[in-house]
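*Asks:* Numbering (our numbering), first residue to last: 2 to 634.
Don't be surprised by glycine CBs; every beta carbon is placed ideally from N, CA and C.
Take a look at this one; I'll ask things after.
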């Protein structure tokens with residue numbers, strides 16, 4: 002506010018050093034008061050209108066991730082913590098090197114007692130701002146006041162003073178304050194390099210020429226710096242100054258130009274007594290001081306240049322940190338190693354990079370859970386890490402805890418159901434405990450009942466498929482694909498499924514349900530969406546082959562082999578097709594290639610090879626041997 006007003010106070014005539022000049026506090030004109038009142042009234046009106054839209058809940062209830070300080074029950078702890086955050090803001094303005102996209106819980110620990118040493122930093126920050134404001138008002142320095150206003154006033158809405166906001170410390174909130182502190186730094190540098198007070202209010206620099214011919218010797222013109230000149234009302238300031246000649250006489254400042262002209266020497270006197278211009282601090286032993294000033298000036302310029310180079314380098318380096326989410330989160334982890342949001346987000350970027358990335362993500366999530374054991378996002382992602390590592394028994398407890406904290410999380414319900422389903426598959430394949438496998442399938446169906454979203458319906462389709470409910474499985478797969486297409490059209494990516502898996506399982510379920518035309522349609526549509534799926538190509542070829550359409554089947558198998566030339570199942574099925582077509586030599590070659598790719602004996606393939614050899618012998622003797630079924634790998 003002081004930066005927007007013109008000062009009208011009058012200064013005393015007695016001159017003091019810069020930091021101790023006696024001044025009168027400025028008075029604020031009526032027009033400035035009207036402007037201030039209008040600004041305050043406008044801001045109050047905007048805030049009132051904004052609050053009127055909130056209804057009964059005037060202030061939003063922030064969570065621990067957004068503003069953990071607002072949730073503290075003790076007023077003293079909240080106040081001290083917010084004040085310490087203000088000191089962090091000022092430190093970032095002065096030295097923006099510890100930058101992070103998030104400074105949330107618990108990047109900045111709470112301050113709970115007055116004996117905490119961090120309160121000294123807070124006290125110094127407040128003292129600096131108050132001293133800056135006091136000096137600006139005392140010396141009526143409008144530019145300094147303007148810089149201070151730019152530094153403080155735009156920050157006030159985000160300072161947690163009037164109401165808590167949704168970020169503890171946001172670097173994006175320092176754009177305008179950074180302009181203010183840059184202006185203050187420029188004024189300080191100008192003061193140190195050039196003297197004066199940087200063109201401020203009442204401290205503007207003036208030059209006074211003192212001319213006299215009343216003494217013997219050369220006439221001396223002295224140029225004074227700082228504190229001279231006219232007042233804003235037009236009144237001239239009276240002052241005295243001393244020349245640097247041997248006589249040490251004092252000469253008055255003339256009150257008018259006419260008086261100065263009358264006392265000025267004539268042209269003849271100027272020829273006899275040439276004018277000598279001196280600068281304070283030069284002459285009479287002032288050469289050392291001048292050299293010292295030059296050295297000081299050079300040091301200041303070098304220091305300012307180094308600071309600018311350092312800040313420019315930090316800017317370039319910070320741009321590289323924003324190259325991707327992974328680099329951004331890695332840089333934030335170095336600044337805030339205990340931030341819940343940073344730990345969780347970095348783990349999420351590494352989660353699907355199995356196995357090494359998934360293992361590191363699990364370690365980061367464990368660290369987050371030591372900070373807050375009820376952090377539902379970290380619990381869910383920790384279970385997902387176990388699921389990606391095929392550790393479904395370890396994943397189930399994390400999904401169960403997440404469901405207890407957030408029972409409406411559809412993605413968690415689907416993941417819990419999927420883990421139950423995968424465990425049932427493990428028990429079924431081991432052939433050791435079929436009862437447990439069936440119980441797990443029913444548990445998965447119970448968890449998934451009523452769940453929403455494409456991923457949930459895909460999991461329900463898997464459960465129904467293993468329960469041999471083919472029609473129900475086909476219905477769930479079709480619904481999952483429809484919801485997935487709708488999510489893709491809306492631009493969402495949080496609940497997308499693997500279309501290749503969905504279309505492939507839909508075709509298999511329809512074929513098992515006896516709907517061959519539906520299976521053909523499902524795989525045809527799936528191959529349009531995912532043309533590089535060797536699974537759908539192989540299954541569609543098998544359906545054509547079972548219906549006697551060998552040409553169509555061969556074309557599909559060839560496409561599958563182009564995608565996966567070392568897939569033993571596709572090679573074996575191609576061998577069976579060649580056997581049906583009567584190309585026995587090619588069939589044997591393909592069967593043996595399938596055995597080599599498996600690197601293990603396969604009973605069915607070996608039987609097929611033996612049958613072909615028998616068939617060749619029978620054909621040579623005029624007999625016929627029916628080809629065996631393709632091997633199931």
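Starting from residue 381 and walking both ways along the alpha helix (DSSP H), at which residues does that stretch end?
*Replies:* 377-389
*Asks:* For residue 183, which three-state DSSP category applies?
*Replies:* Collapsing the DSSP output to three states places residue 183 in a helix.
*Asks:* Would you kindly check if the distance between the Cβ of residue 508 and the Cβ of residue 523 is under 8 Å?
*Replies:* yes
*Asks:* On the criterion of 16 or more Cβ atoms from any shown chain inside 10 Å, does residue 163 qualify as buried, or is it exposed?
*Replies:* exposed
*Asks:* Given this structure, state the Cα-to-Cα distance separating residue 406 from residue 400, to the nearest angstrom.
*Replies:* So the two alpha carbons sit approximately 10 Å from each other.
*Asks:* Tell me whether residue 469 is buried or exposed, calling it buried when 16 or more other Cβ atoms sit within 10 Å of its Cβ.
*Replies:* Residue 469 counts as exposed, since fewer than 16 other beta carbons sit within 10 angstroms of its beta carbon.
*Asks:* When the Cα atoms are used, what is the spatial distance from residue 493 to residue 472?
*Replies:* The alpha-carbon atoms of residue 493 and residue 472 are separated by roughly 29 Å.
*Asks:* If you count every other CB in all the chains shown that lies within 10 Å of the CB of residue 621, and 16 or more means buried, which is it?
*Replies:* exposed
*Asks:* Is the separation between the beta-carbon of residue 561 and that of residue 571 shorter than 8 Å?
*Replies:* The criterion of a C-beta distance shorter than 8 Å is satisfied by residue 561 and residue 571.
*Asks:* What separation, rounded to the nearest whole angstrom, lies between the Cα atoms of residue 33 and residue 91?
*Replies:* 29 Å
*Asks:* Is it the case that the Cβ atoms of residue 329 and residue 102 are separated by a distance below 8 Å?
*Replies:* yes
*Asks:* Taking buried to mean at least 16 other C-beta atoms within 10 Å of its own C-beta, is residue 343 buried or exposed?
*Replies:* buried
*Asks:* With 16 other CB atoms within 10 Å as the buried threshold, where does residue 359 fall?
*Replies:* buried
*Asks:* Pull up the distance between the alpha-carbon of residue 168 and that of residue 65, whole angstroms please.
*Replies:* Residue 168 and residue 65: Cα-Cα distance of roughly 10 Å.
*Asks:* Any contact between the region 179-196 and the region 135-148? By contact I mean 3 or more CB pairs, one from each, below 8 Å.
*Replies:* yes
*Asks:* Considering just the uninterrupted stretch of the alpha helix (DSSP H) at residue 338, what are its terminal residues?
*Replies:* Here residue 338 belongs to no alpha helix (DSSP H), and DSSP marks it neither H nor E.
*Asks:* Applying the 10 Å Cβ sphere with the 16-neighbour rule, what's the burial state of residue 128?
*Replies:* Exposed.
*Asks:* Compare the C-alpha of residue 398 against each of 409, 384, 77 and name the closest.
*Replies:* 384
*Asks:* Using only CA atoms, which one of 563, 614, 50 lies nearest to residue 584?
*Replies:* 614
*Asks:* By how many angstroms is the C-alpha of residue 172 removed from the C-alpha of residue 500?
*Replies:* One Cα belongs to residue 500, the other to residue 172, and the distance between them is close to 41 Å.
*Asks:* Taking the alpha carbon of residue 193 as the reference point, which residue from 317, 155, 295, 113 has its own alpha carbon closest?
*Replies:* Looking at 317, 155, 295, 113, the one whose alpha-carbon comes closest to that of residue 193 is 295.
*Asks:* Just the Cα atoms here: how many angstroms apart are residue 602 and residue 337?
*Replies:* 55 Å
*Asks:* Cα-Cα, which of 537, 416, 580 is closest to residue 611?
*Replies:* 580
*Asks:* Check for me: the alpha helix (DSSP H) holding residue 491 runs from which residue to which?
*Replies:* Run containing residue 491: none; DSSP gives neither H nor E here.
*Asks:* Quick check: the Cα distance between residue 616 and residue 528, rounded to an integer number of angstroms?
*Replies:* 37 Å
*Asks:* Just the Cα atoms here: how many angstroms apart are residue 423 and residue 408?
*Replies:* Looking at the two C-alpha atoms, the distance is approximately 22 Å.
*Asks:* Could you round the C-beta distance between residue 190 and residue 301 to whole angstroms and report it? I think they count as a contact, below 8 Å.
*Replies:* 7 Å
*Asks:* What is the C-beta distance between residue 345 and residue 379, in whole angstroms, given that I count them as a contact (C-beta under 8 Å)?
*Replies:* 5 Å
*Asks:* Check whether the Cβ of residue 589 sits closer than 7 Å to any heavy atom of the ligand ZN, and report yes or no.
*Replies:* Here there are no bound small molecules, and the ligand ZN is not part of this structure.
*Asks:* In this structure, how does DSSP classify residue 410 when only helix, strand and coil are distinguished?
*Replies:* coil
*Asks:* Can you give the Cα-Cα distance for residue 558 and residue 438, rounded to whole angstroms?
*Replies:* Using only the alpha carbons, I get a separation of about 35 Å.
*Asks:* For a test of the three-state rule: what should DSSP assign to residue 498, helix, strand or coil?
*Replies:* Correct three-state label for residue 498: coil.
*Asks:* Do you know offhand how far residue 74's Cα is from residue 113's?
*Replies:* Going by the C-alpha atoms only, they are around 11 Å apart.
*Asks:* DSSP three-state label for residue 136, please.
*Replies:* helix
*Asks:* Within a Cβ cutoff of 8 Å, which residues of the same chain sit near residue 316, ignoring the five residues on either side of it in sequence?
*Replies:* none
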